[in-house]
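Notes to accompany the following structure.
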Amino acid sequence: MSEVKRELGIGMLGCGVVGSQVARLLTEDSGDFAARSGAKLSLKKIAVRDVAAKREQVKSELLTKDADSIVNDPSIDIVIEVMGGIEPARTLILKAIANGKSIITANKALLAKHGAELFEAADKKGVDLYYEAAVGGAIPILRPLRESIVGDHVHRIMGIVNGTTNYILTKMDEEGSDFGAALKEAQQLGFAEADPTADVEGHDAAAKAAILAGLAFHTRVTSDQVSAEGITKITARDVAVAHDINHVIKLLAIAELTEKGEVSVRVQPTLLPRQHPLAAVRNAFNAIFVEAESAGELMFYGRGAGGAPTASAILGDLIAIARNMTSGGAGHGESDYAELKFADPGSVNTRYLIRLDVNDRPGVLASVAQIFATNKVSIETVRQSGRGNSAELIVMTHSADEGSLGKTVKELAKSEVVKSVESVLRVEGLR
915 MSEVKRELGI
925 GMLGCGVVGS
935 QVARLLTEDS
945 GDFAARSGAK
955 LSLKKIAVRD
965 VAAKREQVKS
975 ELLTKDADSI
985 VNDPSIDIVI
995 EVMGGIEPAR
1005 TLILKAIANG
1015 KSIITANKAL
1025 LAKHGAELFE
1035 AADKKGVDLY
1045 YEAAVGGAIP
1055 ILRPLRESIV
1065 GDHVHRIMGI
1075 VNGTTNYILT
1085 KMDEEGSDFG
1095 AALKEAQQLG
1105 FAEADPTADV
1115 EGHDAAAKAA
1125 ILAGLAFHTR
1135 VTSDQVSAEG
1145 ITKITARDVA
1155 VAHDINHVIK
1165 LLAIAELTEK
1175 GEVSVRVQPT
1185 LLPRQHPLAA
1195 VRNAFNAIFV
1205 EAESAGELMF
1215 YGRGAGGAPT
1225 ASAILGDLIA
1235 IARNMTSGGA
1245 GHGESDYAEL
1255 KFADPGSVNT
1265 RYLIRLDVND
1275 RPGVLASVAQ
1285 IFATNKVSIE
1295 TVRQSGRGNS
1305 AELIVMTHSA
1315 DEGSLGKTVK
1325 ELAKSEVVKS
1335 VESVLRVEGL
1345 R
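For the sequence shown, our numbering gives the first residue as 915, with consecutive numbering after it.
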């Protein structure tokens, strides 16, 4: 057992699902945490909007509506922010840092938008700012990127980082549900919010992608620099076609360095071959697949959300900071030295699966093929099935730049032989 060298005061901003679990575990396991960290971790105050709200696992005397009383309290050494949102979280964290307090946050949206400002403030003050819970819940992914493989060169990250969309896509794949039915079930089971926009439109995943890209490539990435597309346009037919060609559709956060050394960060529904490790990630689970020069392929898998899993990551950060403080210093800062350019979205290479509704008559296939050839997009496979006076064409392309592929799709939509472009999906995992 480690010697308990000092007492550290803990303050919390927010006490919802995650915060209440953190408070409970801090109270129940205080002896273990002291032994592991070398410090007695004392929860002093918790700032909440409504002190009268029922919280069975939290002592009422800890609650306050005055968040400033926490960030200004000299007896508090570490502030845990789980209130969410941009403001007042940003202002409160900056005040806490100015007062010499280390910070733990699970606030992906705040970090993706104002991370540079917060990290600079923490570095200048010589305090820690940890945020493992901001991406992937209980999955240990940020610390490996910051520490374990920081000496390597990460080329690419692909991740399933949103449990809501993965649950919906799993139900569509395994049960043949349409998007609306799968979303309704996810909401009934608590896997989706009443307003699921941030999840199903890809905004949540975009914030996480920005954080992952910044760490992987030692640069600063904001959520505004992430191209995001959600899953609301995915149909049961899209999923059935994917199934027929032994693929599965996943909403992927992708961060990569191009051949020119430029950064590309995007979130998009993507076809993956079923033999790819990410294809096996089901329901609300998350996973991040890392490709590094020396380490090779690495996979991190686990529960990406929920009170207890997220609390686990927060408490891991808490013990790490407590160890730093008992040994007399802060931990590592952020290695955001690289001034990297962002790739033009049109220059990024990918593959497309394009599903077309076309006239069922001679010469149609030749006309469609000519459009691809004109734009220098090579066709890998074509599948055709008749349905009355029309036919469904499913075209898989070879790798080409997004600009050429996008132009091809626009010209197909205008072609007199094409009734409609039913869907366009990117294809990954076949390198």
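Glycine included, C-beta positions come from ideal geometry on N, C-alpha and C.
Say whether the region 1141-1151 touches the region 1204-1215, bearing in mind that this needs 3 or more beta-carbon pairs closer than 8 angstroms, one atom from each stretch.
No contact exists between the region 1141-1151 and the region 1204-1215.
Per DSSP, which one or two residues make a beta bridge with Q1139?
Start at 1 with the first residue of the sequence shown, and residue 1139 comes out as number 225. In DSSP, Q1139 forms no bridge with anything.
Given 8 angstroms as the limit, is there contact between the region 995-1010 and the region 1110-1117, that is, 3 or more CB pairs closer than that?
They do not touch, by the three-pair rule.
Would the region 1075-1083 and the region 1056-1067 be scored as touching if the rule is three or more Cβ pairs under 8 angstroms?
Because the criterion of three Cβ pairs below 8 angstroms is not met, the region 1075-1083 and the region 1056-1067 do not touch.
Give the DSSP-derived three-state secondary structure of L1186 in the structure shown.
The sequence position of residue 1186 within the sequence shown is 272, counting from 1. In this structure, L1186 counts as strand in the three-state DSSP scheme.
Between V1075 and N1200, how many whole angstroms is the CB-CB distance? I'm expecting something under 8 angstroms.
Along the sequence shown, read from residue 1 onward, the residue named residue 1075 stands at position 161. Along the sequence shown, read from residue 1 onward, the residue named residue 1200 stands at position 286. The pair is a contact, with the Cβ atoms about 6 angstroms apart (cut-off 8 angstroms).
By the three-class DSSP mapping on this structure, what secondary structure does L1232 have?
Here the question's residue 1232 lines up with position 318 in the sequence shown. Correct three-state label for L1232: helix.
First and last residue of the alpha helix (DSSP H) that includes I1285?
The residue given as residue 1285 occupies position 371 in the sequence shown. Element bounds for I1285: 1278-1288.
Within 8 angstroms, do at least three Cβ pairs link the region 1128-1141 to the region 1154-1162?
Cβ pair count under 8 angstroms is below three, so no.
Note down the Cα distance separating I1000 from F1033, rounded to an integer number of angstroms.
Numbered from 1 along the sequence shown, position 86 holds the residue referred to as residue 1000. Numbered from 1 along the sequence shown, position 119 holds the residue referred to as residue 1033. When rounded, the distance between both Cα atoms is 15 angstroms.
Report the partner residues of H1161 according to the DSSP bridge assignment.
Position 247 of the sequence shown, counted from the first residue, corresponds to residue 1161. H1161 pairs with P1187.
Rounded to whole angstroms, what is the Cα-Cα separation between L1006 and D982?
Walking along the sequence shown from the start, residue 1006 turns up at place 92. Walking along the sequence shown from the start, residue 982 turns up at place 68. Spanning the two alpha carbons is a distance of roughly 7 angstroms.
Mark M915 as exposed unless 16 or more other C-beta atoms lie within 10 angstroms of its C-beta, in which case mark it buried.
For the purposes of this step, residue 915 is identified with residue 1 of the sequence shown, where counting begins at 1. Low confidence applies to M915: its pLDDT is 46, below 50, so where it sits in the model is not reliable enough to give any reading.
Over the uninterrupted beta strand (DSSP E) stretch that includes T1019, give me the two end residues.
The residue labelled residue 1019 in the question sits at position 105 within the sequence shown. Start and end: 1016-1019.
Roughly how many whole angstroms lie between the Cα atoms of V936 and L1059?
If you number the sequence shown from 1, residue 936 lands on position 22. If you number the sequence shown from 1, residue 1059 lands on position 145. Their Cα atoms are separated by approximately 24 angstroms.
Indicate whether I1145 and P1183 have their beta-carbon atoms separated by less than 7 angstroms.
Position 231 of the sequence shown, counted from the start, is the residue given in the question as residue 1145. Position 269 of the sequence shown, counted from the start, is the residue given in the question as residue 1183. Yes; because the gap between Cβ atoms is below 7 angstroms, this pair is in contact.
Taking the alpha helix (DSSP H) that E1359 belongs to, which residues open and close that run?
Not covered by the structure: residue 1359. The range shown for the chain is 915 to 1345.
Just verifying my parser: in three-state terms, what is the DSSP assignment at M915?
Translated into positions along the sequence shown, residue 915 becomes position 1. With a pLDDT of only 46 at M915, under 50, the local geometry of the prediction cannot be trusted, and no value is derived from it.
So, for S951: in the same chain, excluding its five sequence neighbours on each side, which residues have a beta-carbon less than 6 angstroms away from its beta-carbon?
What you label residue 951 is simply residue 37 of the sequence shown in a count that begins at 1. Once the five neighbours on either side are set aside, the close Cβ partners of S951 are I1233, A1236, R1237.
The beta strand (DSSP E) with K958 in it runs from where to where?
Taking the first residue of the sequence shown as 1, we reach residue 958 at position 44. K958 -> beta strand (DSSP E) spans 953-961.
Taking the beta carbon of M1213 as the centre, do at least 16 other beta carbons fall within 10 Å, making it buried, or is it exposed?
Here the question's residue 1213 lines up with position 299 in the sequence shown. By the 10 Å Cβ count, M1213 comes out exposed.
Using DSSP with H/G/I as helix, E/B as strand and the rest coil, what is G1133?
Within the sequence shown, residue 1133 is the residue found at index 219, counting from 1. Residue 1133 is actually Thr in this sequence, not Gly. Coil, per DSSP.
Pick helix, strand or coil for G1302, following the three-state DSSP scheme.
Against the sequence shown, residue 1302 aligns to sequence position 388. Residue state, collapsed to three classes: coil.
Compare the Cα-Cα distances from K968 to each of G930, L957, L1229 and report the closest residue.
Counting from 1 along the sequence shown, the entry for residue 968 is found at position 54. K968 has its Cα closest to that of G930, out of G930, L957, L1229.
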